[in-house]
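Read in order, the letters of the sequence shown correspond to residues 1492 to 1785 in our numbering.
Glycine residues also receive a C-beta, built at the ideal position from the N, C-alpha and C atoms.
Note that the structure is a prediction, hence the values are computed from the model and not measured.
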Amino acid sequence: MKALGILAMAAFVAVACTPEAPDVGGTGDAVRGKEVAAIAGGCGCHTPENGPVGAGGVEIETPFGVFYSTNITSDSTAGIGDWSDAEIEGALRRGVLRDGSVEAPVMPYPLYGGMADEDVRDLIAWLRRLPASATKNRLHEVSLPLPRLAFWGWRTLFAPTVAAPAKAPASGVERGEYLVHRVAICGDCHTPRNAFGVSDASNYLAGVNDGPIGKVPNITPDPATGVGEWDEADMISLLQDGMQPDLDNVQGKMGDVVDGVAGGPGYFEARDSDLKAIAEYLKTVPAISHRVAD
């Protein structure tokens, strides 16, 4: 509770300046945008188990209460159908909604903030083609005092603006790093957090024992507690079809991002070259010895 009090206080004293989101440059390529969405796990947090894709309402439990994902379909009332590209980009990259309020940080905008302009533009084009759903957004059930101000305070303290590239790296480890950090956002689930909900950079990708989605494995190349004994082919196979080297399939949230939710895109639709780049990068991150309990 002390952390909540500090965060609420910060919201009152922080000087937060929100620049207007620049438009990323007109109409993108929806086909390529689906590939971006595939690497992003099909935006599966916004899709209920039985669909429709992007309809929102998925429950996200956190130490600060229960949050519900939003409708990101093309519906003009319940979704984002009448939002401009700049407004969608502002929410995606900076966590700022069209009315000027700040999103709850369960939306990983601090990570998406570094997504390349071309990928944002194409992802928006794909989102605009999602069939409209009239599913209404649900209010969050949070224990934070003055949550809107708390979200402002959190953004000011912990989510500085990230300089995004115009284009993403084309191949190799650099592309893999970009995809892991800014599109697949692997660290959002595989990295533990502190009392403020901020990822612990010293344990990047080292796994989580008690996160909002339960236990999440260590994916650093530590040979005893991580994936150090996996080769690139093992990693690519897991991302393509969910199969681990021991022939067991991944389950839960990882299964969703591999297979897609309710017919939405998942890693199985990503380019082989992108999955290879991710595997190449994961072999280069610092190995951390951290065993996640079975």
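**Prompt:** If you draw a straight line from the C-alpha of threonine 1538 to the C-alpha of leucine 1621, how long is it?
**Reply:** Start at 1 with the first residue of the sequence shown, and residue 1538 comes out as number 47. Start at 1 with the first residue of the sequence shown, and residue 1621 comes out as number 130. When rounded, the distance between both Cα atoms is 11 Å.
**Request:** From the DSSP output, in three-state form, read off tyrosine 1559 for me.
**Result:** To locate residue 1559, count along the sequence shown from 1; it is residue 68. Reduced to three states, the DSSP call for tyrosine 1559 is strand.
**Asked** How would you call proline 1651, buried or exposed, if buried means at least 16 neighbouring beta carbons within 10 angstroms?
**Response** Indexing the sequence shown from 1 puts residue 1651 at position 160. So proline 1651 ends up on the exposed side.
**Asked** CB-CB under 8 Å to asparagine 1541, same chain, minus the five flanking residues each way: which ones, in chain order?
**Response** As a first step, residue 1541 must be located in the sequence shown, where it is residue number 50. Excluding positions up to five away in sequence, the list reads Ala1753.
**Asked** Hey, quick one: how far does the alpha helix (DSSP H) through glycine 1702 stretch, first residue to last?
**Response** Locating residue 1702 in the sequence shown gives position 211, where the first residue counts as 1. Run containing glycine 1702: none in the alpha helix (DSSP H); it sits in the beta strand (DSSP E), 1699 to 1702.
**Message:** Considering Cα atoms alone, identify which of Pro1554, Tyr1758 and Ala1641 is closest to phenylalanine 1649.
**Reply:** Here residue 1649 is taken as the residue at index 158 of the sequence shown, counted from 1. The alpha carbon of phenylalanine 1649 has as its nearest neighbour, out of Pro1554, Tyr1758 and Ala1641, the alpha carbon of Ala1641.
**Prompt:** Sorted by chain position, which residues of the same chain lie with C-beta nearer than 7 Å to aspartate 1573's C-beta, five sequence neighbours on each side aside?
**Reply:** Looking up residue 1573 in the sequence shown gives position 82. Result list for aspartate 1573: Ser1567, in chain order.
**Prompt:** Based on the DSSP secondary-structure assignment, which residues constitute the bridge partners of threonine 1553?
**Reply:** Here residue 1553 refers to the residue found at position 62 of the sequence shown. DSSP lists Gly1556 as partners of threonine 1553.
**Message:** Which same chain residues end up closer than 6 Å to proline 1656 when comparing Cβ atoms and leaving out the 5 residues on each side of it in sequence?
**Reply:** Taking the first residue of the sequence shown as 1, we reach residue 1656 at position 165. Ala1607, listed in sequence order.
**Item:** Candidates Thr1711, Gly1717, Ile1769 and Cys1680, of which the one nearest serine 1728 by Cα
**Value:** For the purposes of this step, residue 1728 is identified with residue 237 of the sequence shown, where counting begins at 1. Among Thr1711, Gly1717, Ile1769 and Cys1680, the Cα nearest to that of serine 1728 is on Ile1769.
**Message:** Nearest by alpha-carbon distance to glutamate 1580: which of Lys1627, Pro1660, Gly1604 and Tyr1669 is it?
**Reply:** Reading the sequence shown from its first residue, position 89 is the one you call residue 1580. The option with the nearest alpha carbon to glutamate 1580 is Gly1604.
**Request:** For proline 1599, count neighbouring C-beta atoms within 10 Å of its own C-beta (all shown protein chains included) and say buried if the count is 16 or more, exposed if not.
**Result:** Here residue 1599 is taken as the residue at index 108 of the sequence shown, counted from 1. Result: buried.
**Asked** How should leucine 1602 be labelled, buried or exposed, when 16 other C-beta atoms within 10 angstroms of its C-beta is the threshold for buried?
**Response** For the purposes of this step, residue 1602 is taken as the residue at position 111 of the sequence shown. Burial call: buried.
**Message:** Helix, strand or coil for proline 1513? Go by DSSP, reduced to three states.
**Reply:** Counting from one through the sequence shown, the residue named residue 1513 turns up at place 22. Reliability of the predicted coordinates at proline 1513 is poor, the pLDDT of 45 falling under 50, and the value obtained from them is presented with this limitation in mind. Proline 1513: coil per DSSP, three-state reduction.
**Message:** Going by DSSP in three states, asparagine 1541 sits in which element: helix, strand or coil?
**Reply:** Taking the first residue of the sequence shown as 1, we reach residue 1541 at position 50. Note: asparagine 1541 maps to coil in three-state DSSP.
**Asked** Using the beta-carbon count (16 or more within 10 Å), is glycine 1591 buried or exposed?
**Response** Residue numbering aside, residue 1591 sits at position 100 when the sequence shown is read from its first letter. Exposed, by the Cβ-count rule.
**Asked** Can you tell me where the alpha helix (DSSP H) with valine 1522 in it begins and where it stops?
**Response** Translated into the one-based positions of the sequence shown, residue 1522 becomes position 31. Segment 1521 to 1530, the alpha helix (DSSP H) holding valine 1522.
**Asked** Tell me which same chain residues have a C-beta within less than 8 Å of the C-beta of asparagine 1562, skipping the five on either side of it?
**Response** Within the sequence shown, numbered from 1, the residue matching residue 1562 stands at position 71. Closer than 8 Å at Cβ, skipping near neighbours: His1537, Gly1545, Ala1546, Gly1547, Gly1548, Ala1569, Gly1570, Ile1571, Ser1624, Thr1626, Lys1627 and Asn1628.
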